[in-house]
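Those letters in the sequence shown? Residues 926 to 1176, by our numbering. We treat Cβ as the ideally placed atom computed from N, Cα and C, and that holds for glycine. Please read all numbers here as calculations on a predicted model, not as lab measurements.
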Amino acid sequence: MNLEDFKYIDSHCHVEDKSLNKYREDIVKRAFEKKVQMVTSGTNLGSCRRAVELKEKYGIYVTLGYHPGRVNADDNAIEKVYNFIRSKEKEILAVGEIGLDFDAENIERQENIFKKFINLSKEVNKPVVIHARGMEERSYDILKNDVISMYHCYSGSLELAKELIKNGNFISYSTLVCFSEHHKNLVKNLGLENVVVETDSPYLSPIKGEKNEPKNVINVIETIWELKKDEYSMDEITKIIYNNTKRLYRI
Ligand SMILES: [Zn+2]
């Protein structure tokens, strides 16, 4: 399928995740039937390798990174991911997900790894996809607008979101907007400029007990529309967000 065949792009998911091995074929098929394209994001060496294989198999998009939750891996393992990403420079839309997580150990080491991969993104001249759970401000202090960043599943303050967008960065609303008041408030108080949408599949399912999948990115758009229907039609929101995603990833 060509990009013109799609109406939506799930700007961040993990269809390469091992837990989806048995379901992946159907998940991708269901997404394509709903005109949803997706960007799957590698988080360690195995997941990065699978992500690239899926790009070749299904024609989906790929970003490659190293998840901050894996802070305790040895330097050698991190170096391997770094070298793999460099070798796949032409295959990727962005470096990520990379970042900081308040829940993981050793913030100092997390920061060093984060900086290493930010430098990689500068070398290959690509934007970064940021994981910044509970560390939104600190991540931004490190990034300093040096590279264009997309905050995946943005959960920080309204003020920081405005600052990020003003400086040309992007924030991504995940399926959390379907049930979280904090996220609904962000939607209500921000425009659609530099806003993209994602599922983070198989995580953050809008339906209890089910694995999340890229087709559910339509639920995110519908929730945004419910909160903004005085200003926009569903179609307008869909188009604006689609174009934002194309601009972010230069596709
Ligand atoms: Zn993710």
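Residue burial classification, residue i (beta-carbon count within 10 angstroms, cutoff 16)
i: Lys1140; result: buried
i: Met926; result: exposed
i: Leu1025; result: buried
i: Arg1172; result: exposed
i: Ile1166; result: buried
i: Lys1051; result: buried
i: Asp942; result: buried
i: Ser1046; result: buried
i: Lys980; result: buried
i: Glu1138; result: buried
i: Phe1027; result: exposed
i: Asp1125; result: buried
i: Arg1011; result: exposed
i: His937; result: buried
i: Arg1175; result: exposed
i: Ile1132; result: exposed
i: Leu1083; result: exposed
i: Leu928; result: exposed
i: Gly1134; result: exposed
i: His1107; result: exposed
i: Ser944; result: exposed
Bridge partners - residue i, DSSP secondary structure assignment
i: Cys1242; result: Beyond the ends of the chain as shown, which are 926 and 1176, falls residue 1242; an answer cannot be given.
i: Ile1023; result: Ile1055
i: Ile1212; result: With the chain covering only 926 through 1176, there is no way to say anything about residue 1212.
i: Leu989; result: Gly967, Val1020
i: Tyr1007; result: DSSP, once it has assigned bridges, lists no residue as partnering Tyr1007.
i: Tyr933; result: Val961
Residue span of the alpha helix (DSSP H) that contains residue i, given as start and end
i: Met1159; result: 1159 to 1174
i: Ile1043; result: 1032 to 1049
i: Val1112; result: 1106 to 1114
i: Tyr1065; result: 1061 to 1068
i: Asn946; result: Element bounds for Asn946: n/a, residue is neither H nor E.
i: Leu1089; result: 1083 to 1091
i: Leu1152; result: 1142 to 1153
Integer-rounded CB distance, given that residue j should sit under 8 Å from residue i
i: Tyr1098; j: Tyr1079; result: 7 Å
i: Ile1023; j: Gly990; result: 4 Å
i: Glu1123; j: Asp951; result: With 8 Å as the limit, Glu1123 and Asp951 do not qualify as a contact, their Cβ atoms being about 20 Å apart.
i: Ile1003; j: Ile1038; result: 6 Å
i: Leu1115; j: Ala1086; result: 6 Å
i: Asn1169; j: Val1121; result: 5 Å
i: Val987; j: Arg1034; result: So it is not a contact: roughly 26 Å between Cβ atoms.
i: Thr965; j: Ala976; result: 5 Å
i: Asn969; j: His939; result: About 11 Å separates the two Cβ atoms, so there is no contact after all.
i: Val1053; j: Gly1021; result: 5 Å
i: Ile1067; j: Lys1040; result: 7 Å
i: Tyr1182; j: Ile1096; result: As displayed, the chain neither begins before 926 nor continues past 1176, which places residue 1182 out of reach and without an answer.
i: Asn1144; j: Thr1100; result: 6 Å
CB contact below 8 Å: residue i versus chain B
i: Tyr1065; result: The chain labelled as chain B is not found in the depicted structure, where only one protein chain is given.
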